[in-house]
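A.B. asks: Residue numbers (the numbering used here): 17 to 438.
1. Do you know whose CA, among 232, 129 and 69, lies nearest residue 155's CA?
2. Taking the beta strand (DSSP E) that residue 441 belongs to, which residues open and close that run?
3. Is residue 189 helix, strand or coil by DSSP?
4. Would you give the residue range spanned by the alpha helix (DSSP H) that residue 329 belongs to?
5. DSSP state of residue 360, grouped into three classes?
6. Residue range of the beta strand (DSSP E) that residue 134 falls in?
7. Which value, in whole angstroms, describes the spacing of the CA atoms of residue 209 and residue 302?
8. Skipping 5 residues on each side, what residues in its chain have a beta carbon closer than 7 Å to that of residue 219?
9. Given a cut-off of 8 Å, decide if residue 428 and residue 309 are closer than it, judged by their beta-carbon atoms.
10. CB residue 152 to CB residue 121, shorter than 8 Å?
11. Taking 8 Å as the cut-off, does the region 156-170 touch the region 283-294 (at least 3 CB pairs, one atom from each stretch)?
12. Please go through the same chain and pick out, in chain order, the residues whose beta-carbon is closer than 6 Å to the beta-carbon of residue 196, but skip the five residues on each side of it.
13. Run through DSSP, which three-state label would residue 299 get?
14. For residue 176, name the three-state secondary structure that DSSP assigns.
15. Tell me whether residue 190 is buried or exposed, calling it buried when 16 or more other Cβ atoms sit within 10 Å of its Cβ.
16. Counting C-beta neighbours from all protein chains within 10 Å, is the total for residue 243 16 or more, i.e. buried, or is it exposed?
17. Quick one: what's got a C-beta closer than 6 Å to residue 203's C-beta in the same chain, skipping five residues either side?
18. Label residue 325 either buried or exposed according to how many other C-beta atoms from any shown protein chain fall within 10 Å of its C-beta, with 16 as the threshold for buried.
19. How is residue 313 classed by DSSP in three states: helix, strand or coil?
20. Do residue 386 and residue 139 have their C-beta atoms closer together than 8 Å?
21. Mapping DSSP to helix, strand and coil, what is residue 125?
22. Three or more C-beta pairs closer than 8 Å, one from the region 327-335 and one from the region 304-319: is that the case here?
23. Write down every uninterrupted run of the alpha helix (DSSP H) in the region 244-297 whose length is 4 residues or greater and which is fully enclosed by it, in chain order.
24. List the endpoints of the continuous alpha helix (DSSP H) containing residue 399.
25. For the alpha helix (DSSP H) containing residue 420, list its first residue and its last residue.
26. If I measure Cβ to Cβ from residue 422 and keep anything under 8 Å in the same chain, skipping five residues before and after, which residues do I get?
27. Quick check: the Cα distance between residue 80 and residue 414, rounded to an integer number of angstroms?
28. Got a sec? Which residues, its chain only, sit under 8 Å from residue 365 by beta carbon, not counting five neighbours each side?
29. Going by the beta-carbon positions, is the gap between residue 327 and residue 294 smaller than 8 Å?
30. For residue 91 and residue 258, I'd like the C-alpha separation in whole angstroms.
31. Which of helix, strand or coil does DSSP assign to residue 26?
32. Could you give the DSSP three-state label for residue 102: helix, strand or coil?
33. Give me whichever residues DSSP pairs with residue 67 in a beta bridge.
34. Strictly by DSSP, which residues pair up with residue 154?
35. From the DSSP output, read off the bridge partner residues of residue 109.
36. May I have the straight-line CA-CA distance separating residue 103 from residue 133, to the nearest angstrom?
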């Protein structure tokens, strides 16, 4: 709860930008929502504060700073410039948080810190060695998106143009890389692609003439077509994310379109958005261990190079727990049988994934965080169950990890679920 007083001269929130003038000039739904909310608060609370003052206060918290839950927040019209999404240690959204100190942290698409919550405690976790007196930067958005999408989102939501080290390189970074240079594409490059039925209506109505700068590729006709294709892929993913039932036919159709656009064009590498986001959605929705392996091997090391990046650690933790669920008597027996047939040694893989999380969790979340304590409990539980008092067993498990990781890499190339959808 934030106490609102007519004077903010001595408030810790003094100096935070409300961007009310920018929001007012832009107009649209965001401005209307803030105006309605301010009026409602004034009438409901019977406060002596004026609606105009409340409007300015609400504008001060007018955007959620979190790259993971931007879409969900927008759906709820709670687009609250100085707040952060309040998250569990495994990045499930709980609400919003306004900290006047944290809100002063500037943005970079190549941040050196990442925000982690542990209950009511917020911490900045370093993603690299940071020298004394060097400025801390967080990313307000999903920095894995291509250059023009990042610039458009920052301009629209935060009213500035980013000139960080990554953005100074423009489209010449890994986030903008296609498997084929778009400059070499010929007109009609996608003419012979066999699209799934659900994707055909969207494909046939693509309008390359639509000047959507957030998906800009180049000025050629082939580039404009690719730009329109990318726009539809992102829009389809967002449609699925807005769906209250992620397994509904409409959500699956939207995912099918997004996945087909990325895979059937044969232009998208594993790490270029929105393909990683689509796969992460599928992994979380359909609990596909092999799809999780694809993210583990081909996506996370590229998008989150530091092994202790909080998101990379959490994704590995999720993969581990899915494997444990598969082994549970109430879990997916068919998936277990398939993995055993492929030669997966569950004990070795469980120990390997758990060791990876345990070796990085202190840097990713903090030694005394609730998440770190949970990981340590799991390590003790698993090791006790595996060794039965004989610690030499762990030495044998470690020796078998290399060969097991080779099996996992082969499984990561499996595309059964993707083929079924796309």
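Glycine included, every Cβ here is placed at the ideal spot set by N, Cα and C.
C.D. replies: Checking against the coordinates, here is how it stands:
1. By one-based count along the chain shown, residue 155 stands at place 139. The candidate whose alpha carbon is nearest that of residue 155 is 129.
2. The structure shown does not extend to residue 441, since the chain spans only 17 to 438, so no value can be given for it.
3. Stepping through the chain shown from its first residue, residue 189 is reached at position 173. Coil at residue 189, not helix or strand.
4. Stepping through the chain shown from its first residue, residue 329 is reached at position 313. Counting along the chain, the alpha helix (DSSP H) containing residue 329 begins and ends at 326-343.
5. Counting from one through the chain shown, the residue named residue 360 turns up at place 344. Looking at residue 360 - three-state DSSP - the assignment turns out to be coil, as it is neither helix nor strand.
6. Position 118 of the chain shown, counting from 1, holds the residue named residue 134. Residues 129-134.
7. If you number the chain shown from 1, residue 209 lands on position 193. If you number the chain shown from 1, residue 302 lands on position 286. C-alpha separation (whole angstroms): 27 Å.
8. Along the chain shown, read from residue 1 onward, the residue named residue 219 stands at position 203. Here the set comprises 211.
9. The residue labelled residue 309 in the question sits at position 293 within the chain shown. The residue labelled residue 428 in the question sits at position 412 within the chain shown. Yes; because the gap between Cβ atoms is below 8 Å, this pair is in contact.
10. For the purposes of this step, residue 152 is taken as the residue at position 136 of the chain shown. For the purposes of this step, residue 121 is taken as the residue at position 105 of the chain shown. In contact: residue 152 and residue 121 (Cβ atoms closer than 8 Å).
11. yes
12. Within the chain shown, residue 196 is the residue found at index 180, counting from 1. Cβ neighbours of residue 196 beyond the five flanking positions: 283.
13. The sequence position of residue 299 within the chain shown is 283, counting from 1. The answer is helix: DSSP assigns residue 299 an H, G or I state.
14. Against the chain shown, residue 176 aligns to sequence position 160. Reduced to three states, the DSSP call for residue 176 is coil.
15. Sequence index remark: in the chain shown, residue 190 carries index 174 (1-based). When all chains shown are included, residue 190 counts as exposed.
16. Translated into the one-based positions of the chain shown, residue 243 becomes position 227. Under this definition residue 243 is a buried residue.
17. Translated into the one-based positions of the chain shown, residue 203 becomes position 187. These residues qualify, in order along the chain: 237 and 238.
18. Here residue 325 corresponds to residue number 309 of the chain shown, with the count starting at 1. Buried: at least 16 other Cβ atoms inside 10 Å.
19. Looking up residue 313 in the chain shown gives position 297. In the structure shown, residue 313 sits in a helix (DSSP, three-state: H, G or I).
20. Along the chain shown, read from residue 1 onward, the residue named residue 386 stands at position 370. Along the chain shown, read from residue 1 onward, the residue named residue 139 stands at position 123. Cβ atoms of residue 386 and residue 139: not closer than 8 Å.
21. The sequence position of residue 125 within the chain shown is 109, counting from 1. It is coil, neither helix nor strand.
22. yes
23. 265-279
24. The residue given as residue 399 occupies position 383 in the chain shown. Segment 386-403, the alpha helix (DSSP H) holding residue 399.
25. Here residue 420 is taken as the residue at index 404 of the chain shown, counted from 1. Start and end: 408-428.
26. Taking the first residue of the chain shown as position 1, residue 422 is located at position 406. None.
27. To locate residue 80, count along the chain shown from 1; it is residue 64. To locate residue 414, count along the chain shown from 1; it is residue 398. The pLDDT assigned to residue 80 is 45, lower than 50, so where the model puts this residue is not dependable, and the model offers no usable value.
28. By 1-based counting over the chain shown, the position of residue 365 is 349. Answer for residue 365: 339, 420 and 424, listed in chain order.
29. The residue labelled residue 327 in the question sits at position 311 within the chain shown. The residue labelled residue 294 in the question sits at position 278 within the chain shown. Taking 8 Å as the Cβ cut-off, residue 327 and residue 294 do not qualify as a contacting pair.
30. As a working mapping, residue 91 is identified with position 75 in the chain shown. As a working mapping, residue 258 is identified with position 242 in the chain shown. Confidence at residue 91 is low in this model, with a pLDDT of 33, below 50, so the placement of that residue is unreliable and no value is reported for it.
31. In the chain shown, residue 26 corresponds to position 10, counting from 1. For residue 26, the pLDDT reaches just 47, beneath the cut-off of 50, and the residue's location in the model is therefore unreliable, although a value from the coordinates is still provided. In the structure shown, residue 26 sits in coil (DSSP, three-state: anything other than H, G, I, E or B).
32. For this step, residue 102 is matched to residue 86 along the chain shown. Residue state, collapsed to three classes: strand.
33. Residue 67 sits at position 51 when you count from the first residue of the chain shown. Its beta-bridge partners do not exist; DSSP assigns none.
34. In the chain shown, counting from the first residue as 1, residue 154 sits at position 138. DSSP output for residue 154 lists 123 as bridge partner(s).
35. To locate residue 109, count along the chain shown from 1; it is residue 93. According to DSSP, residue 109 bridges with 103.
36. Residue 103 sits at position 87 when you count from the first residue of the chain shown. Residue 133 sits at position 117 when you count from the first residue of the chain shown. Distance between the alpha carbons of residue 103 and residue 133 is about 6 Å.
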